[in-house]
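Contents: one structure, followed by commentary.
There are 2 protein chains.
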Amino acid sequence: MVTIRVLVADDQEAAREALRLILNGEPDIDVIATAVDGAEAVHQALLRRPDVVVMDLRMPGMDGIAAIDRLTAAESAPRLLALTTFDLDEYLFGALRAGAAGFLLKDSDPDVLIAAVRELHQGRGLIDPQVTGRLISRFAALSPRPATPELDLLTPREHHVLRLLARGMSNGEIAAACTIEEGTVKTHVNRILTKLGLRTRVHAAIYAYEHGIVTRDAP
Amino acid sequence: MVTIRVLVADDQEAAREALRLILNGEPDIDVIATAVDGAEAVHQALLRRPDVVVMDLRMPGMDGIAAIDRLTAAESAPRLLALTTFDLDEYLFGALRAGAAGFLLKDSDPDVLIAAVRELHQGRGLIDPQVTGRLISRFAALSPRPATPELDLLTPREHHVLRLLARGMSNGEIAAACTIEEGTVKTHVNRILTKLGLRTRVHAAIYAYEHGIVTRDAP
DNA sequence: CGGGTCGTCCACCTTTCGATAGATCCTTGC
DNA sequence: GCAAGGATCTATCGAAAGGTGGACGACCCG
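Which chain is which? The protein sequence lines are A and B, in order. Quick note, the first sequence lines up with residues 194 to 412 if you use my numbering. Quick note, the second sequence lines up with residues 194 to 412 if you use my numbering.
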């Protein structure tokens with residue numbers, strides 16, 4: 194049997210010990226270290242190389258989210274399970290954005306916590322059922338609208354020009370990229386604006402972003 | 194006990210009947226209708242007003258995602274549980290973006306399906322544990338980077354101008370909104386570009402989007 | 001074949017934008 | 001007090017963007 198090496202980070206003595214006892218009660222889980230704040234968690238994690246870090250989000254000094262941010266940036270980063278008493282969107286979204294692989298509220302059963310650690314260790318993610326709905330809503334809100342029928346109005350050339358425009362290129366740069374005259378690009382831009390009912394190239398760039406024609410660069 | 198009214202939509206006869214049997218086996222669940230494709234599902238849902246719709250994603254004609262899109266646009270929309278055999282990102286993300294409240298793979302246990310229907314009926318969301326990790330990854334990728342230290346460089350006025358700019362307003366419009374001269378706005382824009390290391394207002398708008406200074410409008 | 005539509009291209013003219021220099025006000029520290 | 005620095009404001013000028021008109025070729029259809 195493979196032993197899962199776990200680091201527990203929580204500023205409250207009682208919670209820290211409770212977590213340690215719960216997890217150490219399992220034969221396949223070994224709490225190899227604990228930390229009382231984010232800074233110590235980062236230090237211990239880099240030193241001891243746990244498989245999974247159970248991280249309280251609300252801690253003095255460097256908080257849990259900042260610590261998660263640091264740890265996921267490291268090489269061979271551990272799997273991060275965010276844990277919190279307070280069910281705030283800011284914690285949920287912040288932790289996931291920072292790179293947490295799991296999110297649990299502290300009122301969960303010990304069994305759920307144990308199962309969560311195992312899930313994470315096997316490469317899967319885990320979201321507390323109480324907050325899954327909100328994650329889904331937020332995800333839907335963040336997702337680009339699919340291409341609308343309006344985009345069919347654009348010719349291939351116009352579509353290409355729109356993508357370059359939305360990356361911040363000037364008419365001159367677009368012209369160079371397409372090997373055509375700048376005056377021609379202006380016409381294309383103009384037709385794009387007309388067809389999509391927009392006023393300036395800034396609107397066109399926004400449109401491209403909101404419709405997923407261009408995507409945010411990978412971090 | 195409240196009875197949960199369920200609509201089952203699946204193009205395959207066998208799957209449809211299996212789902213019906215599983216769900217009708219529960220005393221608090223009543224499958225009130227079935228549908229063989231997306232179009233019929235939409236029609237039946239609007240007619241029979243189920244609490245929960247169990248929707249197969251891969252169906253001929255109007256597929257499940259399109260049907261979900263239609264149904265969530267309706268008033269007093271039912272809760273939508275997306276179900277699929279094929280574990281494709283396109284299905285997962287597409288269904289959630291369209292408005293599904295839950296996503297399950299078809300190899301799940303009957304008990305899981307039943308529990309999912311109850312969860313959805315109680316207003317919660319549900320994601321198959323097998324795909325939770327991917328949803329989290331995608332969510333993190335979509336989430337705007339938190340405000341970078343660079344933003345501290347911007348004065349309140351400049352920050353405000355940036356937000357208006359990123360909504361497509363011209364210098365003149367920004368001037369009117371702030372009750373200052375257009376020439377002044379130009380200076381603010383110029384300082385924004387300088388401080389953030391950008392070249393044109395289009396870059397500034399892109400920057401604002403990528404850093405979550407402005408958010409996509411609600412659909 | 002001839003006419004219509006569409007995509008692509010270019011040139012001219014006006015408006016808007018971007019860069020620069022300088023003025024005023026307010027805070028901060030010596 | 002007053003000097004230094006920053007924030008906010010204004011004005012001017014060359015550069016870029018946007019609006020309009022029109023040319024050319026490809027294609028479809030009667």
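Where is the CB? At the ideal position from N, CA and C, for every residue including glycine.
Which residues in the same chain have their Cβ closer than 7 Å to the Cβ of residue i, if we skip the five residues on either side of it in sequence?
i: residue 169 of chain B; result: Outside the modelled stretch of chain B, which goes from 194 to 412, sits residue 169 of chain B, for which no answer is possible.
i: residue 255 of chain B; result: 230, 231 and 232
i: residue 350 of chain B; result: 381
i: residue 367 of chain A; result: 354, 357, 358 and 378
i: residue 286 of chain A; result: 331
i: residue 267 of chain B; result: 239
i: residue 313 of chain B; result: 245, 272, 274, 294, 295 and 319
i: residue 237 of chain A; result: 200, 226 and 228
Using the beta-carbon of each residue, which ones in chain B are nearer than 8 Å to residue i?
i: residue 336 of chain A; result: 286, 289, 290 and 335
i: residue 393 of chain A; result: 361 and 363
i: residue 317 of chain A; result: 322, 323, 325 and 326
i: residue 144 of chain A; result: As displayed, chain A neither begins before 194 nor continues past 412, which places residue 144 of chain A out of reach and without an answer.
Verify whether the separation of the beta carbon atoms of residue i and residue j is less than 7 Å.
i: residue 195 of chain A; j: residue 247 of chain A; result: no
i: residue 327 of chain A; j: residue 336 of chain B; result: no
i: residue 272 of chain A; j: residue 305 of chain A; result: no
i: residue 309 of chain B; j: residue 274 of chain B; result: yes
i: residue 323 of chain A; j: residue 297 of chain A; result: no
i: residue 303 of chain B; j: residue 222 of chain B; result: no
If you drop the 5 nearest sequence neighbours on each side, which residues of the same chain put their C-beta closer than 8 Å to that of residue i?
i: residue 142 of chain A; result: In the structure displayed, chain A extends from 194 to 412; residue 142 of chain A sits before or after that span and is not available.
i: residue 360 of chain B; result: 407
How close, in whole Å, do the beta carbons of residue i and residue j come, if the pair is a contact with beta carbons under 8 Å?
i: residue 199 of chain A; j: residue 224 of chain A; result: 5 Å
i: residue 406 of chain A; j: residue 355 of chain A; result: 7 Å
i: residue 258 of chain B; j: residue 288 of chain B; result: 6 Å
i: residue 219 of chain A; j: residue 307 of chain A; result: 6 Å
i: residue 332 of chain A; j: residue 332 of chain B; result: 5 Å
i: residue 400 of chain B; j: residue 402 of chain A; result: Incorrect: roughly 11 Å between the Cβ atoms, too far for contact.
i: residue 320 of chain B; j: residue 320 of chain A; result: 7 Å
Can you tell me the Cα-Cα spacing of residue i and residue j, whole angstroms?
i: residue 404 of chain A; j: residue 281 of chain A; result: 29 Å
i: residue 318 of chain B; j: residue 240 of chain A; result: 38 Å
i: residue 365 of chain A; j: residue 396 of chain B; result: 15 Å
i: residue 398 of chain A; j: residue 370 of chain B; result: 22 Å
i: residue 347 of chain A; j: residue 376 of chain A; result: 19 Å
i: residue 311 of chain A; j: residue 197 of chain A; result: 8 Å
i: residue 294 of chain B; j: residue 394 of chain B; result: 38 Å
i: residue 227 of chain A; j: residue 269 of chain A; result: 19 Å
i: residue 325 of chain A; j: residue 260 of chain B; result: 22 Å
i: residue 363 of chain A; j: residue 385 of chain B; result: 18 Å
i: residue 392 of chain A; j: residue 292 of chain B; result: 31 Å
i: residue 242 of chain A; j: residue 345 of chain A; result: 52 Å
i: residue 315 of chain A; j: residue 338 of chain A; result: 33 Å
i: residue 390 of chain A; j: residue 329 of chain B; result: 35 Å
i: residue 383 of chain A; j: residue 334 of chain A; result: 30 Å
i: residue 300 of chain A; j: residue 209 of chain A; result: 14 Å
i: residue 387 of chain A; j: residue 262 of chain B; result: 28 Å
i: residue 352 of chain B; j: residue 352 of chain A; result: 31 Å
Give the residues of chain B in contact with residue i, contact being defined as C-beta atoms less than 9 Å apart.
i: residue 332 of chain A; result: 286, 289, 290, 328, 331, 332 and 335
Under 6 Å from any heavy atom of the ligand NAP, does the C-beta of residue i make it?
i: residue 209 of chain B; result: Of the ligands one can find in the structure shown there are none, so the ligand NAP has no counterpart to examine.
Apart from the five residues on each side of it in sequence, which residues of its chain come closer than 6 Å, Cβ to Cβ, to residue i?
i: residue 217 of chain A; result: 224
i: residue 213 of chain A; result: 201 and 224
i: residue 412 of chain A; result: Residue confidence is low: residue 412 of chain A scores 42 on pLDDT, short of 50, so the model does not pin down where it sits. No coordinate-derived value is stated.
For residue i, which residues in chain A fall below 7 Å Cβ to Cβ?
i: residue 294 of chain B; result: 326 and 329
So which residues on chain A does residue i lean against when the C-beta distance must stay under 8 Å?
i: residue 312 of chain B; result: 322
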